[in-house]
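Q:
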Amino acid sequence: MEFKEDLKFIFKHTFNFFNQYGFPAQPLQLQVSFGKGQSGFWTNCFPSKLVAQHSSDIKRFGVFLKVIKWTMPVLGLLPISIMLRLFFFSKDFGDKMVYPLIALFLGTGNQTANVPAAIVERLFNDPNMKLWDYDADTLLPNQPTMYSFDCLHSFYDKWKNDLIAKGVSIRTDTEVQSIPSRSKKGVDLVIKDNSTDNITTEHFDHLVLCVLADDALRILGKSATWREKLVLGGASFYDDLTVTHHDSDYFTKQYETRFKPELCGEPKSEAQCHQISSAKGDSPTLGYASGSGSGSGTGSGSQHRSFDPMYYTYTYKENPRLIEMSFNCSNYQHQFKHNQASSSSETTPEPVYQTIFLDKRKSDLWTIDGIDESKIIKLNWWHQLGHRWQHYVRVVPGMMFLQGHNNTYFAGSWTLVNMHEVACISGIAAAYRLGAAYQKFDDFAQDFFVKYLLVSHGKLFSREEKKRRKQKAV
Numbered sequence: 002m003e004f005k006e007d008l009k010f011i012f013k014h015t016f017n018f019f020n021q022y023g024f025p026a027q028p029l030q031l032q033v034s035f036g037k038g039q040s041g042f043w044t045n046c047f048p049s050k051l052v053a054q055h056s057s058d059i060k061r062f063g064v065f066l067k068v069i070k071w072t073m074p075v076l077g078l079l080p081i082s083i084m085l086r087l088f089f090f091s092k093d094f095g096d097k098m099v100y101p102l103i104a105l106f107l108g109t110g111n112q113t114a115n116v117p118a119a120i121v122e123r124l125f126n127d128p129n130m131k132l133w134d135y136d137a138d139t140l141l142p143n144q145p146t147m148y149s150f151d152c153l154h155s156f157y158d159k160w161k162n163d164l165i166a167k168g169v170s171i172r173t174d175t176e177v178q179s180i181p182s183r184s185k186k187g188v189d190l191v192i193k194d195n196s197t198d199n200i201t202t203e204h205f206d207h208l209v210l211c212v213l214a215d216d217a218l219r220i221l222g223k224s225a226t227w228r229e230k231l232v233l234g235g236a237s238f239y240d241d242l243t244v245t246h247h248d249s250d251y252f253t254k255q256y257e258t259r260f261k262p263e264l265c266g267e268p269k270s271e272a273q274c275h276q277i278s279s280a281k282g283d284s285p286t287l288g289y290a291s292g293s294g295s296g297s298g299t300g301s302g303s304q305h306r307s308f309d310p311m312y313y314t315y316t317y318k319e320n321p322r323l324i325e326m327s328f329n330c331s332n333y334q335h336q337f338k339h340n341q342a343s344s345s346s347e348t349t350p351e352p353v354y355q356t357i358f359l360d361k362r363k364s365d366l367w368t369i370d371g372i373d374e375s376k377i378i379k380l381n382w383w384h385q386l387g388h389r390w391q392h393y394v395r396v397v398p399g400m401m402f403l404q405g406h407n408n409t410y411f412a413g414s415w416t417l418v419n420m421h422e423v424a425c426i427s428g429i430a431a432a433y434r435l436g437a438a439y440q441k442f443d444d445f446a447q448d449f450f451v452k453y454l455l456v457s458h459g460k461l462f463s464r465e466e467k468k469r470r471k472q473k474a475v
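End of the sequence shown = 475 in the numbering used here, gap-free, step of one.
Here you go:
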């Protein structure tokens, strides 16, 4: 699991959970490789010819973000593809820089062109959501700090045991088959234990559905109200395939994995000269950093390591708006980076990659056949939310009209935007609605929680707290 620049400050609840159980995040420097070849490649590690070619577009993009910010209710809901055309950005700038950037970090896949412009603006400017600061020279800051988590199995196991010790009953290998009734009196569930095939009908006071919107509708079945069908039915999902493998030949063929002089643009500052030197491996480097790393070349430049990216995108020539995404998983394992300088090539573990093929309806474009089958470790299908503009017209504003009705609540990142922090906050908000106290540990974290509670539940935190204080006083 990994998080990007400044998310130590943005993902407060996520980091708090990991710190609480003794698994703190470890800093790394984010390196990305977008596209292939001189006409398609750019990175946040050193100046490229593509960035130089679109320097005017990149500078105007800052104005674009400001206009979207101040016209949010109107222009913010328009798809980013339309807004880029309205502002006369070049097609190449959108296809090769904007769409891959948003798709990679927001997880919008091949629906990026349909993402509302407001979401793009928020990723750069909103203190609760932004992944990085806009850079007028390079668009993406030079090697910002990201954070990785290891020992996930141990973390979740420790969390589970702590909950059990507090009296929580956790059932695995169990599914809700149907919901016969929901009312003010409670919720009846038909539950199947898959380990024994035993089926029981059980009554609960409340139901919190921490599943995807389409799964929630399926589980609700005939008990779903017209409001639930209208709102939840507005969420669109796409089936993607993740291939975990160790085929280095495929990877180097598809992506730019090493520094090449022909990919490099002319440096325009001393900082960019240093970036090029670092990317080549000519200057002292470290595998990790503790600074924010934001800005183009500012910060702890001496800590920047040679060009060895973690994230990659591949653009289809047949349709340049569509991409494949890949990750060198070994490169964001902080324990490897700490030992990298002292390890020889003979002892360095073979890299493990993950390549994500987006939207099985477009599988005729996939390059999966290029991966050596003998080097495939695992195949995983997954269901991904499409952040289309319709999602923010129909689903997000409609959630407050569903929460709590028939003693049913909904939680998940899809209720707002596909971020791990939103998933955490959505669950906390559901617990809060059920009577749990919100335990403040940070002003910034509480501010995000308060905003989510208002947007997704239609509740003012200050008013709810006032009601609770009055009830305690009685």
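Idealized CB from N, CA, C, for every residue including glycine.
On a predicted model such as this, the values are computed, not experimentally measured, just so you know.
1) Would you mind reading off the limits of the alpha helix (DSSP H) that contains Val456?
2) For the 8 Å Cβ check, are there 3 or more pairs between the region 126–145 and the region 78–92?
3) Suppose you measure from the CA of Ile357 to the CA of Phe150; what does that come to, to the nearest Å?
4) How many Å lie between Cys211 and Gln472 at the Cα?
5) Is it buried or exposed for Leu380, if we count other Cβ within 10 angstroms and need 16 for buried?
6) Report buried or exposed for Lys161, applying the criterion of at least 16 other Cβ atoms within 10 angstroms of its Cβ.
7) Return yes when the Cβ of Asn111 is within less than 8 Å of the Cβ of Trp390, no when it is not.
8) Mind checking whether Phe260 and Phe328 have CB atoms under 8 Å apart?
9) By the 10 Å Cβ neighbour count, where 16 or more other Cβ atoms means buried, how is His14 classified, buried or exposed?
10) If we call anything under 8 Å between Cβ atoms a contact, is Gln32 one with Asn20?
11) At which residue ranges does the region 22–86 contain complete beta strand (DSSP E) runs of 3 or more residues, listed in the order of the chain?
12) Threshold first: 4 residues or longer. Then list the alpha helix (DSSP H) segments lying entirely within the region 185–248, N to C.
13) Which residues does DSSP list as the beta-bridge partners of Leu380?
14) In three-state DSSP terms, what is Cys330?
15) Looking only at C-alpha atoms, which of Leu417, Tyr317, Asn408 and Leu264 sits nearest to Ile369?
16) Using the C-alpha atoms, what's the distance from Gln404 back to Asn195?
17) Tell me the residue span of the beta strand (DSSP E) that contains Gln355.
18) Which residue or residues does DSSP assign as beta-bridge partners of Asp136?
19) Quick one: what does DSSP say Phe411 is sitting in, helix, strand or coil?
20) Quick check on DSSP: helix, strand or coil for Arg322?
21) So the alpha helix (DSSP H) Ser463 belongs to, where does it begin and stop?
22) Just mark Phe442 as buried or exposed, buried being the case when its beta carbon has 16 or more other beta carbons within 10 Å.
23) Around the C-beta of Trp227, are 16 or more other C-beta atoms found within 10 angstroms, so that it is buried, or is it exposed?
24) Helix, strand or coil for Cys274 per DSSP?
25) Starting from Ser155 and walking both ways along the beta strand (DSSP E), at which residues does that stretch end?
26) Could you spell out the range, first to last residue, of the beta strand (DSSP E) harbouring Ser149?
27) With 16 other CB atoms within 10 Å as the buried threshold, where does Gln440 fall?
28) For Ser301, which three-state DSSP category applies?
29) Mind reading off the beta-carbon distance from Ser375 to Pro352? Whole number of angstroms is fine, and I expect it under 8 Å.
30) In three-state DSSP terms, what is Gly399?
31) Taking Cβ to Cβ, would you say Thr202 is nearer than 8 Å to Gln30?
32) If you draw a straight line from the C-alpha of Met73 to the C-alpha of Ala119, how long is it?
33) So who's on the other strand from Thr175, going by DSSP bridges?
34) How would you label Leu164, buried or exposed, when you count the other beta carbons within 10 angstroms and need 16 or more for buried?
A: Walking through what the data contain:
1) Asp444 to His458
2) no
3) 21 Å
4) 29 Å
5) exposed
6) exposed
7) no
8) no
9) buried
10) no
11) 27–30 and 33–35
12) 214–221 and 227–233
13) Val244
14) helix
15) Tyr317
16) 29 Å
17) Tyr354 to Phe358
18) Leu140
19) strand
20) coil
21) Phe462 to Ala474
22) exposed
23) exposed
24) helix
25) Element bounds for Ser155: not the beta strand (DSSP E) but the alpha helix (DSSP H), Leu153 to Ala166.
26) Thr146 to Ser149
27) exposed
28) Low confidence applies to Ser301: its pLDDT is 39, below 50, so where it sits in the model is not reliable, and the reading given next is rough at best. Ser301: coil per DSSP, three-state reduction.
29) Wrong, their Cβ atoms sit about 16 Å apart, outside the cutoff.
30) helix
31) no
32) 6 Å
33) Asp194
34) exposed
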